[in-house]
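Undergrad:
Protein chains in written order, with our numbering: chain A, 12 to 393; chain B, 1439 to 1836.
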């Protein structure tokens, strides 16, 4: 048992923090907010050169076989600068699903390209009627003589507009009718009848809704043998929640530091705001919640490979707790900046919005406390 | 980075379990479960301390040359966790965890030789003389005065909230030996034999129905100057050092988890009409469990970064705040879970020596007293407001 970072992990943290501090400033973020792509292909290329895209991919496919702790280190640094590159969509969700479900040929065709930055992915799973229930999928994949025909719609596809290929979940209907199984399908971005409606995402980056009216796909579009997709989806989303939790910690840390500085400089009644006990105690509470969030993100990362119930409870617990902390730290950062906090002239609002997006994504605190409670029956005693 | 135990750590875990199985009697276990105050009565707590001492585990946080077991952070963690799981008595922390580290850090060789073995063996039972009626959060305004008279100090004044003063044979106290420009100056740290003439103790009953704390009066109490720890006038420094140990060098999450487990079991039982089937109770249990998970990780992070015997510093305030708030959340949840049974009051103490059938099942007896006594968690050892001041000053630099 040891919770100290290894030397390699420390190096990774230093290089990620340095990269973000040097490449991601307010000007860059403003530029990206108005950019049709929402991120910089040049930065993505640098991610590839730094080995960050290869990080969690297995060595046999050109990767570095890193784990969730390393991903968390990167994501926390990304949060510090509000990085908007499609890292979660392509690496944390996309590459993980290919690795977990894909055939050897599918992996060989994609994972090395993901690692070198030439292939970007998105995961299209959420549907309007499903809310946050990962098992609820109304999109249908019918077997045809040539392969598959997909019909349905997906919402909140992170970075779908930039993906070369989307991984779309659908209920498999074979020649006998519904199979009761969910399958994952590889859908190239330029597939006819795939309609992508993209929008700027709250807190930076972009997302899209997609319509699959009558999308025909070849036989090989099904990821793997079409079995075990739902457990893989739950696994990948739990991993993504751990990674996003670490990103939220980075965002909160920056907000805490920014707000702390502001309360030292801003004077009212002839003294700095930070001289007032009510402000000092609020900042102490914020610092405490950032620390709790950091602990929970790390805990979720350390348990991503635990057995499913333990993993899921750690992920849901982290999502719920970090979401709660994020709202508090974000809202109080605005409050302590006063009127300036609600303007677009400061960046506090941008950081706050990314936290709101985090809390919403894959379900908020109430949803995850409930999931955590429901999983209790399946778990060992508390 | 790894949360799991390696082979050596698992072997040690087995050793701890074996020790507990051999030494924890049913009587001790039941008495501990039925103690709604913070500390076990001395007959229970000291029996356990003696067993620990026989094993060489009497003071897990001490350096090895003073009788510490030289455990790794992981071993300390395993020991505390296994003790919490098994429900062992709460030993007198005023000796092992408070005055012990101060004597080790600042005491004379004579003091070390005399006091430390007696703390380890459980021969001495300590109480803490810090707060005074006029000096609570503003502790350094304390007025109990020690006036030099030859080789003695003559002490006059009063201390309050003195846990187990009615059991203790020794007290460590902060007393004023001079008036400096700052009120923190002129305070000295002194060790007092409770049998010295002039000391009287008044019991204070708390809202949970327990007698745990007292007021202690000093009326021309003669204490040898040799009983002063460190330099005269430097007591505030030693006292703060001790407070950091008091606040957050321990491992509290394991015990909180056991407390929540007991509440969850009640919620799952027919005794409470299965309170857990109410979605808000189920979600609240999860919320508290997640808070304990976060605390546990923070404790592990702090523990991993610290060497044995090292003082945790300002992070102890952060831990103390969270531990006290979560303890209160657990006890509040407990009182809600037992529903109408929360109305029954059992005035007799100790609860493990009742000579009549209680109004509610034994598993519920401590729930409301623990909730009521638990209001003190965010007050003693420095209120939550004081902890937030310390975090703002020491961790945030404002």
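Where is the CB? At the ideal position from N, CA and C, for every residue including glycine. This structure is a prediction, so every number in the text was calculated from the model and none was measured.
1) In the DSSP assignment, find the beta strand (DSSP E) that holds residue 208/A and state where it starts and stops.
2) Looking at chain B, is there any beta carbon in it that lies within less than 9 Å of the beta carbon of residue 393/A?
3) Bridge partners for residue 245/A per DSSP, in chain order?
4) Please check if any C-beta of chain B sits within less than 9 Å of the C-beta of residue 45/A.
5) Between the region 255-282 of chain A and chain B, which residues of the former have CB atoms less than 8 Å from a CB of the latter, in chain order?
6) For the structure I just gave you, are there three or more beta carbon pairs, one from the region 317-330 of chain A and one from the region 1761-1768 of chain B, closer than 8 Å?
7) Looking only at C-alpha atoms, which of 26/A, 117/A and 240/A sits nearest to residue 81/A?
8) Buried or exposed, going by whether 16 or more other CB atoms sit within 10 Å of the CB of residue 172/A?
9) Distance check for residue 253/A and residue 1441/B, CA to CA, integer angstroms please.
10) Strictly under 9 Å for the Cβ-Cβ distance: is residue 383/A near chain B by that measure?
11) Whose C-alpha, out of 1804/B, 1778/B and 1781/B, is nearest the C-alpha of residue 1790/B?
12) Could you spell out where the beta strand (DSSP E) holding residue 346/A opens and where it closes?
13) Out of 1539/B, 1525/B and 1527/B, which one is the CA nearest neighbour of residue 1498/B?
14) Would you check if the region 108-121 of chain A and the region 68-82 of chain A touch, i.e. whether three or more CB-CB distances between them fall below 8 Å?
15) So, for residue 393/A: in the same chain, excluding its five sequence neighbours on each side, which residues have a beta-carbon less than 6 Å away from its beta-carbon?
16) Please name the residues in the region 214-247 of chain A whose beta-carbon is closer than 7 Å to at least one beta-carbon of chain B, in chain order.
17) Is it buried or exposed for residue 130/A, if we count other Cβ within 10 angstroms and need 16 for buried?
18) In angstroms, rounded to a whole number, what distance separates the CA positions of residue 22/A and residue 261/A?
19) Which bits of chain A does residue 1515/B rub up against, with CB to CB less than 7 Å?
20) I think residue 218/A touches residue 263/A, with their Cβ atoms under 8 Å apart; what is that distance to the nearest whole Å?
21) Contact criterion: CB-CB distance below 9 Å. Does residue 1759/B meet it with respect to chain A?
22) Quick one: grab the DSSP three-state call for residue 393/A.
23) DSSP puts residue 1/A in a beta bridge; with which residues?
24) If you measure from the beta carbon of residue 1507/B to each beta carbon in chain A, is any gap under 9 Å?
25) Could you work out which residues of chain A lie near residue 1443/B, taking near to mean beta carbons separated by less than 8 Å?
26) Between residue 1530/B and residue 1563/B, which are expected to be in contact by the criterion C-beta below 8 Å, what is the C-beta distance as a whole number of angstroms?
27) Let's test the definition: count the other Cβ atoms within 10 Å of the Cβ of residue 1456/B and tell me whether it reaches 16, buried, or not, exposed.
28) Is DSSP giving residue 1665/B helix, strand or coil here?
29) Helix, strand or coil: which one does DSSP assign to residue 163/A?
30) Out of 1648/B, 1625/B and 1515/B, which has the shortest C-alpha to C-alpha gap to residue 1668/B?
31) Does the region 1546-1555 of chain B come close enough to the region 1632-1640 of chain B to have 3 or more Cβ pairs within less than 8 Å?
32) For residue 94/A and residue 355/A, I'd like the C-alpha separation in whole angstroms.
33) Could you check whether the Cβ of residue 1829/B sits closer than 9 Å to any Cβ belonging to chain A?
34) Measure the alpha-carbon distance for residue 396/A versus residue 41/A and round it to whole angstroms.
35) I need the boundaries of the beta strand (DSSP E) containing residue 129/A, first residue and last residue.
TA: Taking the definition as stated:
1) 205-211
2) Unreliable positioning characterises residue 393/A in this predicted model, as indicated by a pLDDT of 47, which lies under 50. The coordinate reading is nonetheless provided below. Closer than 9 Å: yes.
3) Looking at the DSSP assignment, residue 245/A forms no beta bridge with any residue, so it has no partner.
4) So, not an interface residue.
5) 271, 274 and 275
6) no
7) 26/A
8) buried
9) 16 Å
10) yes
11) 1804/B
12) Per DSSP, residue 346/A belongs to no beta strand (DSSP E); it is in the alpha helix (DSSP H), 319-348.
13) Residue 1539/B is the option with its Cα nearest to residue 1498/B.
14) yes
15) Bear in mind that the predicted position of residue 393/A carries a pLDDT of just 47, short of 50, making it unreliable; the figure below should be weighed with that in mind. Excluding residues within five positions, none has a Cβ falling inside 6 Å.
16) none
17) Buried, by the Cβ-count rule.
18) 17 Å
19) 12
20) At roughly 22 Å, the Cβ-Cβ gap does not stay under 8 Å, so residue 218/A and residue 263/A are not in contact.
21) yes
22) A caution first: residue 393/A carries a pLDDT of 47, below 50, which makes its placement in the model too unreliable to give a value.
23) Missing from the structure shown is residue 1/A; chain A here goes from 12 to 393 and no further.
24) no
25) Those within 8 Å of residue 1443/B in chain A are 12.
26) 6 Å
27) exposed
28) helix
29) strand
30) 1625/B
31) no
32) As the crow flies, the alpha-carbon of residue 94/A is around 18 Å from that of residue 355/A.
33) yes
34) The structure shown has nothing for residue 396/A, since chain A only spans 12 to 393.
35) First-last for residue 129/A: undefined, no H or E at that position.
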